[in-house]
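Trainee: There's a structure below that I have some questions on.
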């Protein structure tokens, strides 16, 4: 397997300092959104997808595994959270936990099945598994088929935070995103993350060094799937529904696109990519079906001309790791 | 009983499409090392070209069977020359992403001009009607599809496994540099192979046009089932994809008769079961 990026910079104090500065700037910018006149709903939606893309990037950017069915974790967590909130009338924090738990169990099962095949076979298996789930959710009674689960109560988080107020909801989603992002950042810069990168660069060599690479990849898959589930659970509060579109394979394709545009294997790339794609969908909605064509063209252009993505090209130019 | 045989026939027909599509995927994967995500879109183009030929050019089904694969095949070769060839030596996943992008563009353009609803394509006069076999009624067109696909599959297998051209092809898959040193134009062979694989997809599209309607998204969901077929079969051999394609179509048909609720998912469930027992697929080589 050839390397995804040719510029793997070592983790140095300077790199960590750079990344922390960018992180603080990003957090401050996002925290100021409610005062800036930007439509907060748009940013909340983008934050959920950014977390999803970051979770996805943990798997492909650092483990070299292209999952083409990552929407299944978001969709499953969404359905389970929505069901827990609406039918079981659980408080928001427990509803989120139910969603995360569902994504965790699902990633254990799908990871066990798919991780034993490599390269594009892995992609095809994850795609097929997500399509299997799509048909199950289409027929299962609790998802209400084409209608989805609608009118989800937002409730009070921890009994005090009123999520029906847009600003409160915004900050809850933002804190969730930042927590997820930091967790992923921590994973990437841990010894586990280093082993993962070595598997991406040269799996036979990692095996010969004595690492049980299947176990590392499996763990990365479960972490990624569970975090994607967290994104899906948060999205339920933003959209107030859970529907089939979140499980459909075209959603998985969009997640891949976000990560690719931002930069595979960069820390901030998926965030930039998610915002870019969500903004594009928002402003190009009037073009109808042409949006698909535009997205396809972006795929083609990215793969043919700038494989490193926006953040990747930027980091490469300035010789920084971002 | 009638219904059982009818479902078996539907299964065989779907199996023909699975076989033709996974065969094309296998041929392309062998030479270009690319999983052609655009395969479903090109299958759809085959059906559309047949539709245009009939409605704009007055060219009938029989000529469409010949021309549509050629036209779509040329389109495929242009794609290969302008885009896919730049991916040589890169990670597999870029091929997947590029062809995925191409699929989105092609489907998007067709959706823009033709909406999402289907357009009918009439069965040619010579193949209308059916035969009463006593235990079931057999529409002639459906029998034709199954037999014709089988013939095409076997012809492709023969071309690749038994002829000199096929031998070059297999050799170039193993070691392109060496084959090039013998004076064989490997890049041209790669282009032609892509054209052949794409042509097989377009042929399947023409065959399916009178049965399923001609719709922009007709390939989009089919291709994922075909991927599952490929994972089960393992893409190890040409014959493997043909047999797995037909077999899974039949199994799907039987499921539709005995337990219709599972008919959409049976192929995926089978894939999971096969992978649990044999992670490399039925005839698979290591990826």
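Protein chains in written order, with our numbering: chain G, 17 to 338; chain Z, 14 to 300.
Positions of the beta carbon are idealized from the N, C-alpha and C atoms, including for glycine.
Quick one: is residue 174(Z) near chain G, going by C-beta distance under 8 Å?
Mentor: No, because no Cβ of chain G sits closer than 8 Å to the Cβ of residue 174(Z).
Trainee: Which full runs of the alpha helix (DSSP H) of 4+ residues lie inside the region 139-207 of chain Z, going along the chain?
Mentor: Fully enclosed alpha helix (DSSP H) runs of 4 or longer: 153-175, 177-187 and 189-194.
Trainee: Could you tell me which uninterrupted alpha helix (DSSP H) segments, each at least 4 residues in length, are contained entirely in the region 55-138 of chain Z, listed from first to last along the chain?
Mentor: Correct list: 74-95 and 105-127.
Trainee: Could you pull out every unbroken alpha helix (DSSP H) segment of at least 4 residues lying fully inside the region 43-107 of chain G, listed in chain order?
Mentor: If we require 4 residues or more, the alpha helix (DSSP H) runs fully inside the region 43-107 of chain G come out as 56-79 and 87-102.
Trainee: Given a limit of 8 Å on CB to CB distance, which residues of the region 259-292 of chain G reach chain Z?
Mentor: Within the region 259-292 of chain G, the qualifying residues are 265, 269, 272 and 276.
Trainee: Would you say residue 110(Z) lies against chain G (beta-carbon separation less than 8 Å)?
Mentor: It does; some Cβ of chain G falls within 8 Å.
Trainee: Any beta-carbon of chain G closer than 8 Å to the one on residue 278(Z)?
Mentor: Judged by the 8 Å Cβ criterion, residue 278(Z) is in contact with chain G.
Trainee: Which partner residues does residue 145(G) have in the DSSP bridge list?
Mentor: Partner(s): none; residue 145(G) has no beta bridge.
Trainee: For a cutoff of 8 Å on Cβ pairs, would you count residue 158(Z) as touching chain G?
Mentor: Judged by the 8 Å Cβ criterion, residue 158(Z) is not in contact with chain G.
Trainee: What residues in the region 280-295 of chain Z have a beta carbon less than 9 Å from any beta carbon of chain G?
Mentor: For the region 280-295 of chain Z, which is checked against every Cβ of chain G, the residues closer than 9 Å are 280, 281, 282, 284, 285, 288, 289, 292, 293 and 294.
Trainee: Just to confirm my understanding: we take residue 58(G), look at its own chain, exclude 5 residues before and 5 after, and list those with CB closer than 8 Å. What are they?
Mentor: Around residue 58(G): 294, 295 and 298.
Trainee: Assign residue 54(G) to one of two classes, buried (16 or more other C-beta atoms within 10 Å of its C-beta) or exposed (fewer than that).
Mentor: Answer is exposed; the Cβ neighbour count stays below 16.
Trainee: List, in chain order, every chain G residue whose beta-carbon is nearer than 8 Å to that of residue 96(Z).
Mentor: By Cβ distance, chain G contributes 316 and 320.
Trainee: So, is the C-beta of residue 309(G) closer than 8 Å to a C-beta in chain Z?
Mentor: Yes - at least one Cβ of chain Z is within 8 Å of the one on residue 309(G).
Trainee: Measuring straight from C-alpha to C-alpha, what distance separates residue 300(Z) and residue 184(Z)?
Mentor: Model confidence at residue 300(Z) stands at a pLDDT of 42, short of 50, so the residue's coordinates are unreliable; what they give is reported in the following sentence. Spanning the two alpha carbons is a distance of roughly 18 Å.
Trainee: With which residues is residue 257(G) paired in a DSSP beta bridge?
Mentor: Paired residues: 166(G).
Trainee: Check whether the Cβ atoms of residue 224(Z) and residue 26(Z) lie closer than 8 Å to each other.
Mentor: Contact: yes.
Trainee: Terminal residues of the continuous alpha helix (DSSP H) containing residue 234(Z)?
Mentor: Counting along the chain, the alpha helix (DSSP H) containing residue 234(Z) begins and ends at 233-246.
Trainee: So, using beta-carbon positions, are residue 170(Z) and residue 252(Z) closer together than 8 Å?
Mentor: For residue 170(Z) and residue 252(Z), yes; Cβs fall inside 8 Å.
Trainee: When Cβ atoms are compared, which residues of the region 148-160 of chain G fall closer than 7 Å to chain Z?
Mentor: So the close ones are 148, 151, 152 and 155.
Trainee: Is the region 200-220 of chain Z touching the region 51-71 of chain Z in the sense that three or more CB pairs, one from each, lie closer than 8 Å?
Mentor: Yes, they touch.
Trainee: For residue 107(Z), go through chain G and note every residue whose CB falls closer than 8 Å to its CB, in chain order.
Mentor: Within 8 Å Cβ-Cβ: 319 and 323.
Trainee: Identify, in the order they occur along the chain, each residue of the same chain with its Cβ nearer than 6 Å to the Cβ of residue 119(Z), setting aside the five sequence neighbours on each side.
Mentor: 54, listed in sequence order.
Trainee: Here's the rule: buried if 16 or more other CB atoms are within 10 angstroms of the residue's CB, otherwise exposed. What is residue 290(Z)?
Mentor: Exposed: under 16 other Cβ atoms inside 10 Å.
Trainee: Mark residue 272(Z) as exposed unless 16 or more other C-beta atoms lie within 10 angstroms of its C-beta, in which case mark it buried.
Mentor: Counting Cβ neighbours within 10 Å, residue 272(Z) comes out exposed, since fewer than 16 surround it.
Trainee: Which residue or residues does DSSP assign as beta-bridge partners of residue 252(Z)?
Mentor: None; residue 252(Z) has no bridge partner.
Trainee: Could you pull the DSSP bridge partners for residue 177(G) from this structure?
Mentor: Per DSSP, 173(G).
Trainee: Tell me the DSSP bridge mates of residue 227(Z)?
Mentor: Bridge partners of residue 227(Z): 132(Z).
Trainee: Where do the ends of the alpha helix (DSSP H) carrying residue 292(G) lie?
Mentor: Residues 285-299.
Trainee: Should residue 274(Z) be flagged as near chain G, meaning a C-beta pair shorter than 8 Å?
Mentor: At least one chain G Cβ lies under 8 Å of residue 274(Z).
Trainee: Please tell me whether residue 333(G) has its Cβ less than 8 Å away from any Cβ of chain Z.
Mentor: Not an interface residue.
Trainee: Can you tell me whether residue 113(Z) is buried or exposed, with buried defined as 16 or more other CB within 10 angstroms of its CB?
Mentor: Buried, because 16 or more other Cβ atoms sit within 10 Å of the Cβ of residue 113(Z).
Trainee: What residues in its chain sit with their C-beta under 8 Å from that of residue 275(Z), if we drop five residues either side in the sequence?
Mentor: For residue 275(Z), where only same-chain residues beyond five positions count, the Cβ hits under 8 Å are 268 and 282.
Trainee: Taking Cβ positions, are residue 296(Z) and residue 232(Z) nearer each other than 8 Å?
Mentor: Not closer than 8 Å, so no.
Trainee: Rounded to whole angstroms, what's the CA-CA distance from residue 252(G) to residue 174(Z)? Just pull it up for me.
Mentor: Cα-Cα distance, rounded: 54 Å.
Trainee: For residue 192(Z), I'd like the list of residues in its chain whose CB is within less than 8 Å of its CB, leaving aside the five on either flank, ordered along the chain.
Mentor: If we look at residue 192(Z) and ignore the five residues flanking it on each side, its Cβ neighbours are 181, 184, 185 and 199.
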